[in-house]
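First up is the structure itself, then whatever we jot down about it.
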């Protein structure tokens, strides 16, 4: 199904000989519980970004192809319905020099 979807969108699933799934960014995790055994990771701005887990390697590769083609934004993962609030943890030093961690909502969630 994912292969046909890629073809209909004019995308090519990126293969990789060094990946155990056969697709770039997709890792087969056979010991993972449940039916979603394929993890998708991608490097963005020098950082490794986890894009989700999928039932098939082809589904994960389709998301990778969409990201590479620019049809998905860097912060957007696979569609999951509602967009939960995002928070970021920042380490701050208090007046007494002790290190504290503060959670902050992203600007888009404060509206």
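Residue numbers (this note's numbering): 30 to 140.
We put the beta carbon where it would ideally sit given N, CA and C, even for glycine.
- Residue 89 and residue 67 have their C-alpha atoms some 7 angstroms from each other.
- Separation of residue 73 and residue 61 (C-alpha to C-alpha, rounded to the nearest whole angstrom) is 25 angstroms.
- For the options 82, 69 and 98, the alpha carbon positioned closest to that of residue 52 is the one of 69.
- In the DSSP secondary-structure assignment, residue 44 is bridged to 52.
- Taking every protein chain shown into account, the CB of residue 84 has fewer than 16 other CB atoms within 10 angstroms, so this residue is exposed.
- For residue 68, there is no enclosing alpha helix (DSSP H); the residue is part of the beta strand (DSSP E) that begins and ends at 67 to 73.
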